[in-house]
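Residue numbers (my numbering), protein chains in the order written: chain A, 1 to 107; chain B, 1001 to 1117.
If you want it as C-alpha cells, here you go:
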C-alpha cells in the first residue's frame, strides 16, 4: 500500500520553513526520506527505524510516530538547494514510495 | 568508491523491440532493487535481489519483464516486445542489508530513460 504524502506541492521563499507529511493505512516499521532533483536520481536523506525516533541532518529533520503511522519531514530556514521532490518510502511486502511532494524554494 | 551506475542512460526503442538495461551496484552491496518511475510519480517497485537470488518480483508488470543478477553483482533488466506504456525511467538502487531484513539507505543510479516509439 503506497504511503500518502501531503502537501502535493509547496512554494517557499528562502529562509522559510516547511513540513512534509507521510502517512500510511498500514503499520510502519521504518520510514525513509529521499530528495530527487529534476532529471536526477533520488538521494537518501535519512531513515527512521524506531517509533518516536527523530533525526536531524543540517536543517532538515524528521520524526516518526509509529502509533499514528506517520512521519514528518521538517525543513528549517530553507535554502535554494532544498528545491526538489521529496519522497517518503517504507518497506511493506516490498519497498514502496509515496507519490512525492514538490518543493520549490524561491529567492 | 564509485556509486551505482546504469547503462545506457537513454534508450529509444521501436515498439516490439527487446531492450536490456544494465545496473552496476556499489561493490559489496547485497541488496539490489529495480524501480520504474513515470513522469511526475514516485519510483514504483519492480523487483528485488539479495545477492543472486531474486526474492521478490511481484512488481514486474508482465511476463515481458525479466531481471537477473547471476553473480550477485551486476544486474540486467530485460524488456521483451516493448510497448509504449513501458516508456519510463528505470532506476536501479543498491543497499546493504540489516538485521530482520530491514532495508537501509538505498543508493540510486542515474537511471535509464526508455522511450518506446
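All C-beta atoms in this analysis are idealised placements derived from N, C-alpha and C, irrespective of residue type, glycine included.
Terminal residues of the continuous beta strand (DSSP E) containing residue 1078 (chain B)?
-> 1075-1079
Test item: CB-CB of residue 1054 (chain B) and residue 1047 (chain B) under 8 Å | yes
So what does residue 1038 (chain B) bridge to, in DSSP terms?
-> Answer by DSSP bridge pairing: none, since residue 1038 (chain B) is not bridged.
Using the rule of at least 16 other Cβ atoms within 10 Å of the residue's Cβ for burial, across every protein chain shown, is residue 1062 (chain B) buried or exposed?
-> exposed
Output yes or no for whether 8 Å exceeds the beta carbon distance between residue 1112 (chain B) and residue 1014 (chain B).
-> no
When the distance is taken between beta carbons, is residue 14 (chain A) closer than 8 Å to residue 79 (chain A)?
-> yes
Beta-carbon proximity list for residue 83 (chain A), same chain, < 8 Å, skipping 5 on both sides | 37, 103, 104 and 105
Between residue 1103 (chain B) and residue 1095 (chain B), which are expected to be in contact by the criterion C-beta below 8 Å, what is the C-beta distance as a whole number of angstroms?
-> 6 Å
From which residue to which residue does the beta strand (DSSP E) around residue 1027 (chain B) run?
-> Neither: residue 1027 (chain B) is in no beta strand (DSSP E) and is coded neither H nor E.
Residue 81 (chain A) by DSSP, collapsed to three states: which one?
-> helix
Apart from the five residues on each side of it in sequence, which residues of its chain come closer than 6 Å, Cβ to Cβ, to residue 1106 (chain B)?
-> 1093 and 1095
Thinking C-alpha only, which one of A:101, A:98, A:94 and A:20 is nearest residue 1033 (chain B)?
-> A:94
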